[in-house]
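Asks:
Protein chains: 2
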Amino acid sequence: MDEEFRALRRHGYRLTPQRETIMKFMKTTPGHPTAEEVFSYVKQSFPSISFSTVYNTLRTLKKVGLIRELAYNPSRFESNVGDHYHVVCLNCNHIANFIWPSMKELQEEVEKQTNFRIAAQDVGFFGLCPGCRSKEKE
Amino acid sequence: MDEEFRALRRHGYRLTPQRETIMKFMKTTPGHPTAEEVFSYVKQSFPSISFSTVYNTLRTLKKVGLIRELAYNPSRFESNVGDHYHVVCLNCNHIANFIWPSMKELQEEVEKQTNFRIAAQDVGFFGLCPGCRSKEKE
DNA sequence: TTCACTGCAAAAAGTTTGCACTGAG
DNA sequence: CTCAGTGCAAACTTTTTGCAGTGAA
Chain A
0 MDEEFRALRR HGYRLTPQRE TIMKFMKTTP GHPTAEEVFS YVKQSFPSIS FSTVYNTLRT
60 LKKVGLIREL AYNPSRFESN VGDHYHVVCL NCNHIANFIW PSMKELQEEV EKQTNFRIAA
120 QDVGFFGLCP GCRSKEKE
Chain B
0 MDEEFRALRR HGYRLTPQRE TIMKFMKTTP GHPTAEEVFS YVKQSFPSIS FSTVYNTLRT
60 LKKVGLIREL AYNPSRFESN VGDHYHVVCL NCNHIANFIW PSMKELQEEV EKQTNFRIAA
120 QDVGFFGLCP GCRSKEKE
């Protein structure tokens with residue numbers, strides 16, 4: 000975790016207990032929580048924390064590159080910033096990850112076609128998760 | 000345009016002047032307007048139209064499959080429902096399209112990896128558009 | 001000591017809803 | 001004639017902001 004705290008300081012941010020708590024939660028949760036979910040969870044071990052601090056902190060952590068924001072509504076966050084992409088269940092909103100090594104090639108193709116300089120991508124697939132598919136058949 | 004109107008009726012929806020006006024705008028605009036932009040534009044030729052009618056209509060057109068909603072914040076809409084994907088400029092929010100025939104293969108790969116049944120995808124790349132790139136250098 | 005951060009409350013931004021009236025079919 | 005659609009206003013959800021007090025460095 001020290002690595003993350005150093006990253007904050009390097010960018011000129013202070014290491015407050017609130018940030019530490021939120022960062023710790025983000026590092027340990029396997030899911031893709033919303034700000035609301037982060038708030039609810041973190042409130043258990045840090046009862047006085049406010050909603051806006053959660054929002055501000057998530058934005059700060061994102062700026063430093065420690066977490067990533069997924070553009071759903073509401074936004075979702077994850078501390079796994081490595082190369083992977085998401086599938087979202089249209090029925091239960093469960094999110095799973097998948098990997099795809101050739102994404103870099105697609106990105107180059109996009110730059111060639113559009114003349115944009117690509118900095119980030121959000122590749123989302125939507126469908127029915129295994130659980131919902133089996134329920135569907137019943 | 001008759002094709003679109005028939006699609007509405009086929010789904011049991013009535014063809015009102017409001018829907019006709021919005022559909023006509025969506026068909027002719029080359030961009031990816033927000034609900035607000037659709038409202039502002041359509042209001043010029045249909046001054047009495049309300050914001051909620053625009054929202055309701057966009058949702059209806061989407062349900063019938065005549066338009067597609069892009070999950071940005073705010074949502075954006077386009078009548079081009081054919082196979083293409085988007086690049087968004089991080090600086091000016093300009094949206095451009097790109098095509099990529101092997102998307103189907105990636106979708107199959109995703110289904111294999113996750114065991115989801117994929118129904119839709121939203122592939123978005125983010126970066127700097129040609130215009131903003133040249134301004135950046137100055 | 002200092003100024004970035006917190007907590008609170010209020011506002012903003014985007015979207016949805018309830019309801020009485022209207023007009024498409 | 002009937003009921004889906006409209007316009008209006010109000011509610012709701014998600015996110016942002018202003019500000020006085022607090023505590024990390």
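Protein chains in written order, with numbering that gives the first Met the number 0: chain A, 0 to 137; chain B, 0 to 137.
Ideal placement from N, C-alpha and C gives every residue a C-beta, glycine not left out.
1) Is any beta-carbon of chain B found at less than 7 Å from that of P129(A)?
2) Give a yes or no on whether the C-beta atoms belonging to R132(A) and R18(B) are separated by under 7 Å.
3) Beta-carbon within less than 8 Å of M102(B)'s beta-carbon, same chain only, minus the 5 sequence neighbours each way: which residues are those?
4) I need the DSSP call for D1(B), collapsed to helix, strand or coil.
5) Quick check on the burial criterion: 16 or more other C-beta atoms within 10 angstroms. Buried or exposed for I21(B)?
6) Quick check on DSSP: helix, strand or coil for I66(B)?
7) Residues of chain B with CB closer than 8 Å to the CB of I117(A), please, in chain order.
8) Can you tell me which of the three DSSP states C128(B) falls into?
9) Name the chain A residues whose beta carbon is nearer than 9 Å to that of N114(B)?
10) Spell out whether any CB of chain B is found under 7 Å from the CB atom of V80(A).
11) Check this for me: beta carbons of A118(A) and G126(B), under 7 Å apart or not?
12) Using the beta-carbon count (16 or more within 10 Å), is L14(B) buried or exposed?
13) Could you please give me the residues that DSSP links to T119(A) through a beta bridge?
14) Where does H31(B) land, buried or exposed, given buried means 16+ other C-beta within 10 angstroms?
15) In the DSSP assignment, the alpha helix (DSSP H) including R149(A) goes from what residue to what residue?
16) Beta carbons nearer than 9 Å to chain B: which residues of the segment 51-85 of chain A have them?
17) What number of angstroms, rounded off, separates the C-alpha of N92(A) from the C-alpha of F38(A)?
18) Per DSSP, F50(A) is paired with what?
19) From Q106(A), V86(A), K134(A), pick the residue whose C-alpha is nearest to that of K111(B); which is it?
20) Going straight from the alpha carbon of T154(B) to that of G130(B), what length do you get?
Replies: Taking the definition as stated:
1) yes
2) no
3) D82, Y84, Q120, V122
4) helix
5) buried
6) coil
7) V86, F124, F125, G126
8) coil
9) A95, C128, P129, R132
10) no
11) yes
12) exposed
13) A small fix is needed here, since residue 119(A) is Ala in this sequence, not Thr. A119(A) pairs with F125(B).
14) buried
15) The displayed coordinates of chain A run from 0 to 137. Any statement about residue 149(A) would go beyond what the structure contains.
16) A70, Y71, N72, S74, Y84
17) 19 Å
18) Looking at the DSSP assignment, F50(A) forms no beta bridge with any residue, so it has no partner.
19) V86(A)
20) There is simply no residue 154(B) to check, as chain B begins at 0 and stops at 137 in what is shown.
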